[in-house]
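Following numbering that gives the first Met the number 0, the numbering of the sequence shown begins with 0 at its first residue and continues without gaps.
What follows is a set of notes on a single structure, which appears directly below.
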Amino acid sequence: MIFNNADHDSPPVSTLFPPTTDPGAHTRLYHARHIGAYYGFSRLYLKLEGLNPSGTQKDRVAAQVIAEALTRGDPGVTVGTCGNFGVALARVCQAAQLPCHIFIPRQYTCERVPEMLDCGAAISYVCGTYEEAVIASQEYAQHSGFYDANPSGIGGAAALAAYREIAFEVLDDLGETPASLWVVVGNGTTLAGIHRGFKQRGTLPRLGAVGSLGNTALTASIPNGVYRDLAPDDIRESLLNEALVSWRSLHGDAGVRAIRESRGWCYEATDRELRTAARLLLTMEQIESQPSSAGALLGLQLMAQHGVDPHAAHVVVLTS
């Protein structure tokens, strides 16, 4: 994420958002006045997870995972990933001097592989989908003794615990419960963790999930209220939607429950809409974000159509 507020009548970005040095450090809320006005919400806040060291929210999980692996005495850490989590994990493993083995689906673009290699991670390519890369990583964990950092492994509990912090920080910074909070989803882990965090604090905003149209099992399941996998052969990956593609959302049940319990919404975005959201963010707020992350903004148009209170606080989590 690149943030440049040179055209805004506010202090320099360095004073608003000092670079984070610790994995998973507290990221700040940004009052997005221009996009808020565009959609008709006077108190729209962006949670800028792209200010974490790896440029994504995945640093939160990486820090938790490595702490657990070191405590357990595991010889290393492994994960199946399309990119962002691999970078976050490789960075923290390098700092902890812990071996890291990452499994990547060959058919995905995975532009961040050089960063993983620069951090000393071992890379194995898997012929198949993201889900098959996860299976390969889990099998490797079983015979190597490495910590299984996948959402479906022991790393899943660590991830949910780590993402609770996003909810805690939103409540602490706002001083109130927002009327809504939107986030993009693939596996649904971030959404499930945020939901858990709010409930732990005894409150719950209406939650919104944005996925890729026809490619994210979680958002495809929400209208029916019951999670169902998608047919793997029907999935269509692209450079724009990769981070959201998941024919099996590993925290799909928890994600559907989060939307149901909060009386929330879902939105399934096309690649064109993801690209448009990223351009809108750059043009109006001078924030450069991956289209798959900027897509969380698309939920705002849905809320505007449903007469949601335009003067209440609303939060959009930008994951990268």
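Cβ coordinates follow ideal geometry from the N, Cα and C atoms, glycine included.
Is it the case that the Cβ atoms of residue i and residue j are separated by a distance below 8 Å?
| i | j | result |
| --- | --- | --- |
| P104 | A132 | yes |
| G207 | L180 | yes |
| I134 | L296 | no |
| L190 | A257 | yes |
| Q304 | Y38 | no |
| L28 | V169 | yes |
| E130 | W246 | yes |
| E260 | L203 | yes |
| L69 | A95 | yes |
| I193 | C265 | no |
| T26 | L47 | yes |
| L116 | V315 | no |
Identify the residues that DSSP records as bridge partners of residue i: which are they?
| i | result |
| --- | --- |
| T202 | Answer is none; T202 lacks a bridge partner. |
| H30 | Y44 |
| W246 | None, per the DSSP bridge assignment. |
| E267 | G210 |
| I122 | I101 |
| L180 | L206 and V314 |
| Y146 | V76 |
| T215 | S245 |
Distance, Cα to Cα, residue i vs residue j?
| i | j | result |
| --- | --- | --- |
| A148 | Y226 | 23 Å |
| S151 | L249 | 6 Å |
| G294 | L243 | 10 Å |
| I234 | T218 | 14 Å |
| G254 | T188 | 7 Å |
| V53 | I65 | The sequence shown places Ser at residue 53, rather than the Val named in the question. Roughly 15 Å separates the two Cα atoms. |
| G72 | D228 | 35 Å |
| A268 | V209 | 7 Å |
| F84 | G154 | 12 Å |
| H30 | H313 | 10 Å |
| P74 | F145 | 6 Å |
| I101 | S143 | 13 Å |
| A36 | T282 | 14 Å |
| G263 | M302 | 10 Å |
| G306 | E241 | 32 Å |
| D232 | D171 | 44 Å |
| I122 | G185 | 22 Å |
| V91 | V112 | 15 Å |
| C99 | S292 | 26 Å |
| G201 | E175 | 12 Å |
| A230 | L97 | 37 Å |
| A311 | Y107 | 40 Å |
| R205 | R32 | 21 Å |
Only counting the same chain, and skipping five residues up and downstream in sequence, which positions put a Cβ closer than 7 Å to that of residue i?
| i | result |
| --- | --- |
| Q288 | Looking at the sequence provided, one finds Ser at residue 288 rather than Gln. Here the set comprises M0, G49, A277, L280, L317 and S319. |
| P308 | The question names Pro, but residue 308 in the sequence shown is Asp. Result list for D308: A178, in chain order. |
| C109 | C81, G82 and I103 |
| S237 | D270 |
| Q199 | R163 |
| C126 | R105 |
| G79 | F102, Y129, A132, V133, A135, S136 and N149 |
| G224 | V255 and R259 |
| N214 | I234, R235, N240, L243 and V244 |
Could you name the residues of the same chain whose beta carbon sits closer than 6 Å to that of residue i, not counting the 5 residues immediately before and after it, in chain order?
| i | result |
| --- | --- |
| Q93 | C118 and G119 |
| E114 | V86 |
| F167 | G196 |
| E67 | A157 |
| Y124 | I103 and R105 |
| A140 | T77 and D147 |
| G251 | G187, A216, L217 and Y226 |
| F40 | P309 and H313 |
For residue i, I'd like the list of residues in its chain whose CB is within less than 8 Å of its CB, leaving aside the five on either flank, ordered along the chain.
| i | result |
| --- | --- |
| R274 | L239 and P290 |
| G23 | Below a pLDDT of 50, predicted positions are generally treated as unreliable, and G23, at 49, falls in that range; the measurement from the model is reported next regardless. So the qualifying residues of the chain are N51, D58, R59, V60, A61, A62, Q63, A161 and E164. |
| Q56 | E48, Y162, I165, T189, V316, T318 and S319 |
| E272 | G294 and L297 |
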